[in-house]
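Participant: Pasting a structure below so you can have a look.
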Amino acid sequence: MQRAFYFSMCNLTRIAPTPSGFIHTGNAINFILTYALARHTNAKIELRIDDIDQNRSKDIYIEDIFETLEWLRLDWDLGAIDKNDFLKNYSFINKQKTLFEAISSLWHKNPDIFYICKCSRKKIGGIYHGDCIKSKLKLKKGESALRLHIDKNTGITLGNKYIDLYSIFGDIALWQKEDFCSYQFASLFADEKHKTNLIVRGDDLFNSTALQLYMARLFGFENFLKTTFVHHALIFDKSGLKLSKSNSSSALLSWRKNGKKPNELFQKAAQMMGVREFWKINTKEDILACGNELELFLKTNGQRLNLA
Ligand SMILES: [Zn+2]
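Here this note's numbering is used: position 21 in the sequence shown is 18, and no number is missing along the way.
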């Protein structure tokens, strides 16, 4: 029975913002949808702030995440309770060693699919299908990257979509030249290790999901392969552009400063879930009362890799 299947499968999900800008309406709607699906299925929620990109991560943005969640009145079960707890106990900075060891171990188990690349980002431009694979270079941390070779015609089918990983990603750097772990691997590794099995993310991450599933299969990350994914529509600004953290006009910081309540965000999330009278939804309690819509939303949007 479908219903029982989804209920029994979801044990852990995560709210995983990047502290590279102020939280905007699109992020908040993702938090609300994640929260609602988790509470509906009795899955635990981990707050996992993804500060892997140290060049863009800032303390004020970490603080903004906690303030936004408090303003939305969304609670979580695992992860840091505030900024100081995060910096001390949960930051990815302190996990680089573990991540490097994990990648190294996979590299030694699968030496033919990894190689060292010394090319600069400037030289590469975009997607890399480069020549360093032939050179058999040695890894010099901080001077070279460790890449995963993705052969021509490599792709993955999720739902009814085929994602051509060769053209979209090429040979991706799992360990960056700047001596830190890539987002793709860090995120996948954390999900596998923590046994996340419900991931709610925007449509813009659909290709990342495909890449991560491909890597999970390659590396034998059995838990990740059983994850239920819900990809939801993105929120666009008035000119039709995707909201981004660099576009501060949609930042919720100004809403909070002006004493505005988050009602509109709950209404938008409810509308996305197909709640007919969505304008009546103002709080997390209201959204959790929409059990039938949540059930249907999960059933129609939930996807798992077809491993047959
Ligand atoms: Zn190269």
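Using N, Cα and C, we set each Cβ at its ideal position, and we do this for glycine too.
These numbers were taken from a predicted model, which means no experiment stands behind them.
1) Let me make sure I understand the geometry here. Which of Glu219, Tyr211, His191, Leu291 has the alpha-carbon closest to that of Arg10?
2) Name the one or two DSSP bridge partners that Leu222 has.
3) For Asp168 and His105, which I take to be in contact (beta-carbon distance under 8 angstroms), what is that distance rounded to the nearest angstrom?
4) Tell me whether Lys115 counts as near ligand 1, meaning its Cβ is closer than 7 angstroms to at least one heavy atom of that ligand.
5) Rounded to the nearest angstrom, what separates Asn8 and Lys133 at their Cα positions?
6) Using alpha carbons as the reference points, say which of Gly123, Lys223, Cys129, Gly271 lies closest to Thr297.
7) If distances are taken between C-alpha atoms only, which option among Lys257, Thr224, Ile12 comes closest to Asn303?
8) Check whether the region 200 to 213 and the region 59 to 70 touch, using three or more Cβ-Cβ pairs below 8 angstroms as the test.
9) Please tell me whether, using a cut-off of 7 angstroms, the distance from the CB of Ala127 to the nearest non-hydrogen atom of ligand 1 is below it.
10) Is DSSP giving Cys7 helix, strand or coil here?
11) Starting from the N-terminal side, write out each stretch of the beta strand (DSSP E) that is 3 residues or longer and does not extend beyond the region 31 to 103.
12) Would you mind stating whether Asn279 and Asn255 have Cβ atoms separated by less than 8 angstroms?
13) May I have the straight-line CA-CA distance separating Arg144 from Ala170, to the nearest angstrom?
14) State the Cα-Cα distance for the pair Phe97 and Pro108, rounded to the nearest angstrom.
15) Name the DSSP bridge partner or partners of Gly199?
16) Three-state secondary structure (DSSP) at Leu302?
17) Identify whether Lys115 lies in helix, strand or coil by the three-state DSSP scheme.
18) Closest to Gly139 by C-alpha separation, out of Gly156, Trp172, Lys149, would be which residue?
19) Let me confirm a value: Ala33 is counted as buried when at least 16 other C-beta atoms fall within 10 Å, else exposed. Which label applies?
20) Does Gln51 pass the burial test, meaning 16 or more other C-beta atoms within 10 Å, or should it be called exposed?
21) Return the bridge partner residues of His21 from the DSSP annotation.
22) Tell me which residues share the same chain as Lys119 and place their Cβ nearer than 6 angstroms to its Cβ, disregarding the 5 neighbours each side in the sequence.
23) From Val197, Leu249, Asn27, Gly288, pick the residue whose C-alpha is nearest to that of Arg301; which is it?
24) Taking the beta strand (DSSP E) that Ile160 belongs to, which residues open and close that run?
25) Within 10 Å of its beta-carbon, does Trp73 have 16 or more other beta-carbons around it, so buried, or fewer, so exposed?
26) Looking only at its chain, what residues have a beta carbon closer than 8 angstroms to the beta carbon of His37, apart from the 5 residues adjacent to it on each side?
27) Under the DSSP definition of a beta bridge, which residues are partnered with Cys287?
Facilitator: With the given structure in hand:
1) Sequence index remark: in the sequence shown, residue 10 carries index 13 (1-based). Correcting the residue identity first, residue 10 is Thr in this sequence and not Arg. Distances from the CA of Thr10 to each of Glu219, Tyr211, His191, Leu291 were compared; the closest alpha carbon is that of His191.
2) Residue mapping note: residue 222 aligns to position 225 of the sequence shown, counting from 1. Partner(s): none; Leu222 has no beta bridge.
3) One-based indexing of the sequence shown puts residue 168 at position 171. One-based indexing of the sequence shown puts residue 105 at position 108. Rounded, the Cβ-Cβ distance is 18 angstroms, inconsistent with contact.
4) For the purposes of this step, residue 115 is identified with residue 118 of the sequence shown, where counting begins at 1. Result yes, Cβ under 7 angstroms from ligand 1.
5) Counting from one through the sequence shown, the residue named residue 8 turns up at place 11. Counting from one through the sequence shown, the residue named residue 133 turns up at place 136. Going by the C-alpha atoms only, they are around 43 angstroms apart.
6) Along the sequence shown, read from residue 1 onward, the residue named residue 297 stands at position 300. Among Gly123, Lys223, Cys129, Gly271, the Cα nearest to that of Thr297 is on Gly271.
7) Within the sequence shown, the letter at position 306 stands for residue 303. Selection Lys257, Thr224, Ile12 evaluated against Asn303 yields Thr224 as nearest (Cα-Cα).
8) Taking a contact to require three or more Cβ pairs closer than 8 angstroms, the region 200 to 213 and the region 59 to 70 do not qualify as touching.
9) What you label residue 127 is simply residue 130 of the sequence shown in a count that begins at 1. As written in the sequence, residue 127 is Gly, which differs from the Ala given in the question. Indeed, a heavy atom of ligand 1 lies less than 7 angstroms from the Cβ.
10) Taking the sequence shown and counting its residues from 1, the one referred to as residue 7 is at position 10. Here Cys7 sits in coil by DSSP.
11) Whole beta strand (DSSP E) segments, 3+ residues: 41 to 44.
12) As a working note, residue 279 is residue 282 in the sequence shown. As a working note, residue 255 is residue 258 in the sequence shown. No, Cβ-Cβ distance for Asn279 and Asn255 is not below 8 angstroms.
13) Along the sequence shown, read from residue 1 onward, the residue named residue 144 stands at position 147. Along the sequence shown, read from residue 1 onward, the residue named residue 170 stands at position 173. Computed Cα separation, rounded: 4 angstroms.
14) Within the sequence shown, the letter at position 100 stands for residue 97. Within the sequence shown, the letter at position 111 stands for residue 108. Phe97 and Pro108 have their C-alpha atoms roughly 15 angstroms apart.
15) The residue given as residue 199 occupies position 202 in the sequence shown. His229.
16) Residue numbering aside, residue 302 sits at position 305 when the sequence shown is read from its first letter. Leu302 falls in the coil class under three-state DSSP.
17) For the purposes of this step, residue 115 is identified with residue 118 of the sequence shown, where counting begins at 1. For Lys115, the secondary structure class from DSSP, reduced to helix, strand or coil, is coil.
18) Residue mapping note: residue 139 aligns to position 142 of the sequence shown, counting from 1. Nearest option by C-alpha distance: Trp172.
19) Along the sequence shown, read from residue 1 onward, the residue named residue 33 stands at position 36. Note on Ala33: 16 or more other CB atoms within 10 angstroms of its CB, so buried under the neighbour-count rule.
20) Against the sequence shown, residue 51 aligns to sequence position 54. Residue environment: Gln51 is assigned as exposed (fewer than 16 neighbouring CB atoms within 10 Å of its CB, all protein chains considered).
21) Counting from 1 along the sequence shown, the entry for residue 21 is found at position 24. DSSP lists Ala248 as partners of His21.
22) Taking the sequence shown and counting its residues from 1, one reaches residue 119 at position 122. Closer than 6 angstroms at Cβ, skipping near neighbours: no residue.
23) As a working mapping, residue 301 is identified with position 304 in the sequence shown. Residue Val197 is the option with its Cα nearest to Arg301.
24) For the purposes of this step, residue 160 is taken as the residue at position 163 of the sequence shown. Annotation for Ile160: the continuous beta strand (DSSP E) segment containing it runs 158 to 161.
25) In the sequence shown, residue 73 corresponds to position 76, counting from 1. If you draw a 10 Å sphere on the C-beta of Trp73, you find 16 or more other C-beta atoms in it, and that means buried.
26) For the purposes of this step, residue 37 is taken as the residue at position 40 of the sequence shown. Cβ neighbours of His37 beyond the five flanking positions: Leu285, Gly288, Leu291, Glu292, Leu295.
27) Translated into positions along the sequence shown, residue 287 becomes position 290. Answer is none; Cys287 lacks a bridge partner.
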